[in-house]
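For what it's worth, my numbering labels the leading residue of the sequence shown as 685, then goes sequentially. A virtual CB, placed ideally from N, CA and C, is assigned to each residue, including glycine.
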Amino acid sequence: MSNAVFFLIEYVESKVKTLEAENEILRDENIHIKHILKEYILLHDRTDGVKDNNFNFLSSNDHTNHTESSKENAAKEETSYYHSTQFASKETKRASIIKRLLLDTPTSPTPPMKVAFAAGLSTTINSLGSHQAIEYDEVITNEGNAYDARHGHFTAPMKGMYLISATITAAEGKNVALNLVRNEQTIAVILADSHTAGHYSSQSRTFPYVLEQGDMIWLRTYPGYNGHKLDG
Numbered sequence: 685m686s687n688a689v690f691f692l693i694e695y696v697e698s699k700v701k702t703l704e705a706e707n708e709i710l711r712d713e714n715i716h717i718k719h720i721l722k723e724y725i726l727l728h729d730r731t732d733g734v735k736d737n738n739f740n741f742l743s744s745n746d747h748t749n750h751t752e753s754s755k756e757n758a759a760k761e762e763t764s765y766y767h768s769t770q771f772a773s774k775e776t777k778r779a780s781i782i783k784r785l786l787l788d789t790p791t792s793p794t795p796p797m798k799v800a801f802a803a804g805l806s807t808t809i810n811s812l813g814s815h816q817a818i819e820y821d822e823v824i825t826n827e828g829n830a831y832d833a834r835h836g837h838f839t840a841p842m843k844g845m846y847l848i849s850a851t852i853t854a855a856e857g858k859n860v861a862l863n864l865v866r867n868e869q870t871i872a873v874i875l876a877d878s879h880t881a882g883h884y885s886s887q888s889r890t891f892p893y894v895l896e897q898g899d900m901i902w903l904r905t906y907p908g909y910n911g912h913k914l915d916g
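Structure (structure tokens):
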């Protein structure tokens, strides 16, 4: 397999910082929600205690004063019904508040897409064509499926900072040069020269670069180097 490897790895440092800040906010909000829910439950329990005392008081009165008039008994029944209705209303309200708190609780943010690929040449290109796009057909990894080995193009799936790295190799006594291209615009030139080295020579370029969604990156023959040999 060729020594040439062409890397494009998403540079996610800024996204990591953003996620850390969002996680801090989520932790604070969850603590606040738990505190509110705890206070509400405590308040509800105290209200239930008062209700039970009132109910016991009414039951005691009803037992000791069973000879009271039917009018008074009717009043007690109405009061008991009122407390039962209030209890049901409080339970409904409590369930509604708990449901709202649960619905309002923010969920964890979706992790960013991971994009990375590495590829090389499976065979030597003996004669480069003019402006020939180099099709690195030996794909090592292609996380996110953003690299197209059929055309040698990487397409950015999202806007962001990417780490771009490319290495080319020239055979002994040879030289070769390629352009690193973004949307037909050259952003770097890579030259490997073995004329005087007496052995194979490689040259690499690595740098961060901002890409918009849909931007395409590839390597192609540098003008004037058509007919040259690319070993990797």
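Measure the C-alpha to C-alpha separation of Glu704 and Gly857 and round it to an integer number of angstroms. In the sequence shown, the residue the question calls residue 704 occupies position 20. In the sequence shown, the residue the question calls residue 857 occupies position 173. Looking at the two C-alpha atoms, the distance is approximately 52 Å.
Please tell me whether Phe801 and Tyr831 are closer than 8 Å, where the distance is taken between their beta carbons. Numbered from its first residue, the sequence shown carries residue 801 at position 117. Numbered from its first residue, the sequence shown carries residue 831 at position 147. Cβ distance < 8 Å, so Phe801 and Tyr831 count as in contact.
Use the C-beta contact count for Arg834: other C-beta atoms within 10 angstroms, 16 or more gives buried, fewer gives exposed. Translated into the one-based positions of the sequence shown, residue 834 becomes position 150. Counting Cβ neighbours within 10 Å, Arg834 comes out exposed, since fewer than 16 surround it.
Within 7 Å: the Cβ of Glu723 and any heavy atom of the ligand NAP? The ligand NAP is absent from the structure shown, which contains no ligand whatsoever.
Looking only at its own chain, which residues have a Cβ that is under 8 Å from the Cβ of Thr748, when we skip the five neighbours before and after it? Here residue 748 is taken as the residue at index 64 of the sequence shown, counted from 1. In this prediction, Thr748 has a pLDDT of 49, which is less than 50 and means its spatial position is unreliable; what the coordinates show is noted afterwards. When the five nearest sequence neighbours on each side are left out, no beta carbon in the same chain lies closer than 8 Å to the beta carbon of Thr748.
Below 8 Å on the Cβ atoms is my contact criterion, and I expect Ser878 with Ser885 to pass it. Report the Cβ-Cβ distance as a whole number of Å. As a first step, residue 878 is located in the sequence shown; it is residue number 194 there, counting from the start. As a first step, residue 885 is located in the sequence shown; it is residue number 201 there, counting from the start. That pair is a contact at about 4 Å.
What's the call for Val873, buried or exposed, on a 16-neighbour Cβ count within 10 Å? In the sequence shown, counting from the first residue as 1, residue 873 sits at position 189. With fewer than 16 Cβ atoms within 10 Å of its Cβ, Val873 is classed as exposed.
So, under 8 Å CB-CB, Ala840 and Glu896 are touching, yes? Tell me the CB distance rounded to an integer number of Å. As a first step, residue 840 is located in the sequence shown; it is residue number 156 there, counting from the start. As a first step, residue 896 is located in the sequence shown; it is residue number 212 there, counting from the start. Correct: roughly 7 Å between the Cβ atoms.
At what residues does the beta strand (DSSP E) containing Arg889 begin and finish? Within the sequence shown, numbered from 1, the residue matching residue 889 stands at position 205. Under the DSSP assignment, Arg889 falls in the beta strand (DSSP E) whose first and last residues are 885-895.
Use the C-beta contact count for Leu726: other C-beta atoms within 10 angstroms, 16 or more gives buried, fewer gives exposed. By one-based count along the sequence shown, residue 726 stands at place 42. Leu726 should be labelled exposed.
From this set, Val894, Asn859, Lys843, which residue's C-alpha is nearest His883's C-alpha? Here residue 883 refers to the residue found at position 199 of the sequence shown. With distances taken between Cα atoms, His883 lies closest to Asn859.
Helix, strand or coil for Asn707, going by three-state DSSP, please let me know. For this step, residue 707 is matched to residue 23 along the sequence shown. The answer is helix: DSSP assigns Asn707 an H, G or I state.
Less than 6 Å between C-beta atoms, sequence neighbours within five positions excluded: which residues of the same chain meet that for Trp902? In the sequence shown, residue 902 corresponds to position 218, counting from 1. Within the same chain, Trp902 has close Cβ partners Ala817, Gly836, His837, Val865.
Which residues share a DSSP beta bridge with Thr839? The count along the sequence shown starts at 1 and reaches residue 839 at position 155. Its beta-bridge partners are Met900.
Could you check what DSSP says for Asp832 in three-state terms: helix, strand or coil? Taking the first residue of the sequence shown as position 1, residue 832 is located at position 148. The answer is strand: DSSP assigns Asp832 an E or B state.
Give a yes or no on whether the C-beta atoms belonging to Thr853 and Ala876 are separated by under 8 Å. Looking up residue 853 in the sequence shown gives position 169. Looking up residue 876 in the sequence shown gives position 192. Yes, they are a contact pair.
Per DSSP, what kind of secondary structure is Asp821 in: helix, strand or coil? Numbered from its first residue, the sequence shown carries residue 821 at position 137. Residue state, collapsed to three classes: coil.
Which listed residue (Ser811, Leu812, Ser814, Thr807) has its alpha carbon closest to that of Val823: For the purposes of this step, residue 823 is taken as the residue at position 139 of the sequence shown. Considering only alpha carbons, the answer is Thr807.
Nearest to Pro892 (by Cα), restricted to the options Ile871, Glu708, Asn910: As a first step, residue 892 is located in the sequence shown; it is residue number 208 there, counting from the start. Pro892 has its Cα closest to that of Ile871, out of Ile871, Glu708, Asn910.
Going by the CB atoms, is the gap between Met900 and Asn867 shorter than 8 Å? Translated into positions along the sequence shown, residue 867 becomes position 183. Translated into positions along the sequence shown, residue 900 becomes position 216. A contact, by the Cβ cut-off of 8 Å.
Per-residue DSSP class, three states only, for Asp877: As a first step, residue 877 is located in the sequence shown; it is residue number 193 there, counting from the start. Correct three-state label for Asp877: strand.
Taking Gly844 as the reference, which of Gly916, Lys798, Thr905, Leu721 has the closest Cα? Residue 844 sits at position 160 when you count from the first residue of the sequence shown. Cα-wise, what sits closest to Gly844 is Lys798.
Could I get the ranges of all uninterrupted beta strand (DSSP E) runs contained in the stretch 853-877, with 3 residues as the minimum, in chain order? 859-866, 869-877
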